[in-house]
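Protein chains in written order, with the UniProt record's numbering: chain Y, 1 to 534; chain G, 1 to 310.
Cβ coordinates follow ideal geometry from the N, Cα and C atoms, glycine included.
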Amino acid sequence: MSAPAGSATLTRLALRRDRVMIPGWIYALAATAVGSAVSYRSLYADQADRTDFQRSTNASGPLRAFYGPIYDAHSVGALTAWRIGVIGAALAGLMSILLVVRHTREEEETGRQEMLGATMVDRRAPLTAALTATAAADAVVALVVAAGMAVLGESPAGSVALGLQLAAGGLAFGAVAAVTAQLTASARLARGLAGTVLGAAFLLRAAGDAGSTGGSSPLVWASPLGWLEHLHPYAGESWWVLAPVAGFAALCCAAAYALVERRDIGASLLPARPGPAGAGRLLRGPSGLAWRLQRGSLYGWGAGLLVAGAVYGSVTDSVGDIVGDNGQVGDIIERMGGHTGLTDAFLATVMGVYGIAAGGYAVQSLLRLRAEESAGGAEALLAHPVGRLRWAAGHLAHALLGPVLLLAAAGAATGLAYGLAVHDVGGQLPRLTGAAVGQAPAVWVLVGLGVLLFGLRPRAASAAWGLLAACVLLGQLGPVLRLPQPVLDVSPFTHLPDLPGSHVAATPYAWLILVAAAALAAGLAGLRRRDLTS
Amino acid sequence: MNGAIDVAGLTKAFGRTRALDGLDLSVATGEVHGFLGPNGSGKSTTIRILLGLLRADGGRARLLGGDPWREAVPLHRRVAYVPGDVTLWRNLSGGEIIDLFGRLGGGMEPARRAELLDRFELDPAKKGGAYSKGNRQKVALVAAFASRAELLILDEPTSGLDPLMEEVFRGCVREARDRGATVLLSSHILSEVEALCDRVSIIRQGRTVESGALGELRHLTSTSVTAELGRAPEGLDRLPGVRDLAVDGTRVTLQVDNDRLDTLLQALTGAGVRTLTSRPPTLEELFLRHYTADAGQVPAGAAAGHGGTR
């Protein structure tokens, strides 16, 4: 089959438009992989250290849940593959989702594709171009990671496997996005659906690994990320798992092409329904409008966090179980605080994940302000007797209160599921709900900094995502790279007490809230003084 | 002068681009004022400053006697605005958006809303994302005309409307004027300005080139002449004051300065006139002259000195 007419030109257009974004992603992914390897090389130079590390890691449910088990400890490469293999595949998946939707549904939604579609361009060409550009980005990730690891002296086969692990994750979820981009009229929703699939895949694998040691749980095998975990780079590669991943991607692509052939441009599979002829009572002003614009995303994140909470809560009890009856492992677990210490450590890590997720929701709903400003919605409202603060307040209420709701939902679901397992719903439900809501002040700092950017440098407001990414990286890589405390302290999440399990002190919360409030006030003052920009 | 809009020496720069460079604009209460200028001349920037969306760098801007930046919210109670490129929220219906705007502005009469929906033939149940450009424009127009605002600021409001709807639009503007409202109509659809406006201001590169009643501006330019002659004319291009001459066999079209019209007619009758059409210049031609010529050749405010010779 020859490529649809126009695909080559559109691919070049896509690569040209993403000339900053794609290299940025590739750099971040490759630097994380190679940087971890460099760091592990100095930290775990001796075989004995590596074996110790493997034992304690595999004994720890929280670490297994987030990274999977360490399959082999005979090389630095294997430790690196444990640390970034599955997470990296998920991140490459995120990159691919963003790329595919950006060049398919977003082009239709903005009407640009209509202009292109009137030229000598086949209706399948935009999809082909988006998939080609994405595959190219994923291939470069694989090449750079494999080359970087090989240069560090790791085994060539393992290095290629690690590169392919990331790239295959990218391809699989890029293909998922190709399907979701056909289903909805809105690019935002298409990204959300594909992101949900990615989140579910990660959650299934995490739940499976939390409860089993060798990645043997059926939950792991139910997730494409779980298949990729079993590629085992540097640990006797099982190349065959690439086949089901490729099959999954091919199936998704075939479905996407079948849909693209059958639908009108700009149309979704879900038919457009007419709306009400007049406004309801809720739609009275800027806040009512903000609720209409934001509620869908709040429901979506809420559902996701409820499911995540239920899954994590139900595996919590098995996390603290002593694995096998290896005396040494038993010692390690005792050192970690025994069964209670381990489950609390796991729950505290899970709360950190909820905090980051709530941060993602907060940044997304905060940036809706900027989106409204550049699309012209803000202009329409502000030409009415509506002050800038009143306009911003509706969206900021979502950015500030939405995370509290989401955290409470996630914490409550975790508490309920864990409480049912240990017959202590009355104790665990409030304890874990409180622990989850305890993440909110750190999220508010992110919101404050985001508003500061929006108020003073509106065109750079999307850098708020970068702030969230920096918090994730500091939380993930900080301990691996043994970064000094002042650097770790940059992330507001570092300052939160590890809940549940540790003592609650008011001071860190007070400081976080103070910083958040100061940044928020400065940002809003900037918003009142500046020009509206498109 | 206590006008609805009073702008003097307004400046605004975006980085190194000077969007407004000493713009003047005065709109008297109760008039329909045309605001003309080519793309990028600063019309929308001026309007955004008047709405308090942008902050002026220098000069004076008064809207309904108030400061458009500091008193934005109370002033907006008395103003309705239609942007040139209306963006609607995709998942809200047109009716919901009209009602939202109505509630923000302090309410609208249901009967008036229904009447305008009917006149503009707008389906209020469609979602914002499903409207065509013209229909998006109608949503904003219905909301604005239903509002009973004292001052209507319309920024190229008819882009995307078909001729029938343009007629409805003109009717609404006239009704607004009849009830005493002031209208600032930015446009480059010149027939619309000719049909509606009492006075116009023409701007170019962020400055006002001319301002005045239409009758005062027209005499500055020329008459368009089309003639069918007995034989091919000679020497028309050498006549003083003749421009844009096109000769197609015995058919002649040209522009001539009004004070040279007599000389031209003598030359034409010399060649035997069969048919002759002459008409005053459209604003289009006026417009083209200003913006193709160097702005320096037409001193600002020149129109004011020569009271209507027509």
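*From the DSSP output, in three-state form, read off residue 121 of chain G for me.*
coil
*What residue does the alpha helix (DSSP H) around residue 262 of chain Y start on, and which one ends it?*
242 to 262
*asked:* Mapping the DSSP letters down to three states, classify residue 232 of chain Y as helix, strand or coil.
replied: coil
*At a Cβ cut of 8 angstroms, what residues of the segment 167 to 201 of chain Y count as close to chain G, listed as they run along the chain?*
185 and 186
_Beta carbons nearer than 7 angstroms to chain G: which residues of the segment 267 to 298 of chain Y have them?_
272, 274, 275, 276, 277, 278, 279, 283, 284, 285, 289, 292 and 293
*Roughly how many whole angstroms lie between the Cα atoms of residue 478 of chain Y and residue 488 of chain Y?*
6 angstroms
*Would you give the residue range spanned by the beta strand (DSSP E) that residue 210 of chain G belongs to?*
207 to 213
_Own chain, CB closer than 7 angstroms to residue 305 of chain G, minus 5 neighbours either side, in chain order_ = Below a pLDDT of 50, predicted positions are generally treated as unreliable, and residue 305 of chain G, at 34, falls in that range; the measurement from the model is reported next regardless. Result list for residue 305 of chain G: empty, nothing under 7 angstroms.
_Chain-ordered residues of the segment 471 to 493 of chain Y with a beta carbon less than 9 angstroms from chain G_ = Listed by position along the chain: nothing, the set is empty.
*Under 8 angstroms Cβ to Cβ from residue 318 of chain Y, same chain only, skipping five residues before and after it: list those, please.*
Result list for residue 318 of chain Y: 61, 210 and 211, in chain order.
_Where residue 439 of chain Y sits in the DSSP three-state scheme_ = coil
*Does DSSP classify residue 81 of chain G as helix, strand or coil?*
strand
*Can you say whether residue 262 of chain G is buried or exposed, counting buried as having 16 or more other CB atoms within 10 angstroms of its CB?*
So residue 262 of chain G ends up on the exposed side.
*With distances taken from CA atoms, which of G:169, G:199, G:103 and G:124 is nearest residue 29 of chain G?*
G:199
*Would DSSP call residue 504 of chain Y helix, strand or coil?*
Of the three classes helix, strand and coil, the one that applies to residue 504 of chain Y here is coil, per DSSP.
*Please report how far the alpha carbon of residue 136 of chain Y lies from the alpha carbon of residue 130 of chain Y, in whole angstroms.*
Cα-Cα distance, rounded: 10 angstroms.
*At a Cβ threshold of 8 angstroms, is residue 432 of chain Y touching chain G?*
Not one chain G Cβ lies under 8 angstroms of residue 432 of chain Y.
_To be precise: take each residue of the segment 113 to 128 of chain G, compare its Cβ to all Cβ atoms of chain Y, and keep it if any distance is under 7 angstroms. Which residues remain?_
124, 125, 126 and 127
*Over what stretch of residues does the beta strand (DSSP E) that includes residue 12 of chain G continue unbroken?*
Where residue 12 of chain G is concerned, the enclosing beta strand (DSSP E) stretches over 5 to 14.
*Hey, is residue 324 of chain Y's beta-carbon within less than 8 angstroms of any beta-carbon in chain G?*
Residue placement at residue 324 of chain Y cannot be trusted, given a pLDDT of 47 that sits under 50; what the coordinates show is reported in the next sentence. Residue 324 of chain Y does not count as touching chain G.
*Go through its chain and collect everything with a Cβ distance to residue 73 of chain Y's Cβ below 8 angstroms, but skip five positions before and after it.*
47, 50, 51, 53, 54 and 79
*Can you tell me the Cα-Cα spacing of residue 384 of chain Y and residue 391 of chain Y, whole angstroms?*
Near 11 angstroms, if we compare the C-alpha coordinates of residue 391 of chain Y and residue 384 of chain Y.
*Alpha carbon to alpha carbon, what distance is there between residue 59 of chain Y and residue 325 of chain Y?*
Confidence in residue 325 of chain Y is poor, its pLDDT being 46 and thus under 50, which makes the residue's placement too unreliable to answer from.
_Close Cβ partners of residue 11 of chain Y (< 6 angstroms) along its chain, the five nearest in sequence each way excluded_ = 129, 132 and 133
_By the three-class DSSP mapping on this structure, what secondary structure does residue 37 of chain G have?_
coil
*Straight-line Cα distance separating residue 405 of chain Y from residue 431 of chain Y*: 16 angstroms
*Listed from N- to C-terminal order along the chain, which residues in the segment 354 to 387 of chain Y have their beta-carbon within a distance smaller than 8 angstroms of any beta-carbon of chain G?*
375, 376, 377, 379, 380, 381, 382, 383, 384, 385, 386 and 387
_One question on the structure: do residue 86 of chain Y and residue 40 of chain Y come within less than 8 angstroms of each other, judged by their Cβ atoms?_
no
*Among G:8, G:113, G:222 and G:281, which residue has its Cα nearest to the Cα of residue 46 of chain G?*
Checked all of G:8, G:113, G:222 and G:281; the closest Cα to residue 46 of chain G is G:8.
*Does the beta carbon of residue 68 of chain G sit closer than 8 angstroms to a beta carbon anywhere in chain Y?*
Nearest CB-CB separation between residue 68 of chain G and chain Y: not below the 8 angstroms threshold.
*asked:* DSSP has residue 228 of chain G in a bridge; who is on the other side?
replied: G:251 and G:275
*Going along chain Y in order, which residues have a C-beta closer than 8 angstroms to the C-beta of residue 236 of chain G?*
Within chain Y, no residue comes near residue 236 of chain G; the closest Cβ sits about 45 angstroms away, beyond 8 angstroms.
*Can you list the beta strand (DSSP E) stretches of 3 or more residues lying completely in the segment 156 to 206 of chain G, in chain order?*
182 to 187 and 199 to 204
*Could you tell me which of Y:418, Y:393, Y:311 and Y:146 sits nearest to residue 340 of chain Y, measuring between CA atoms?*
Closest option to residue 340 of chain Y, judged by alpha-carbon separation, among Y:418, Y:393, Y:311 and Y:146: Y:418.
*Short check: CB of residue 43 of chain G to CB of residue 37 of chain G, under 8 angstroms?*
yes
*Between the C-alpha atoms of residue 273 of chain G and residue 241 of chain G, what's the straight-line distance to the nearest angstrom?*
20 angstroms
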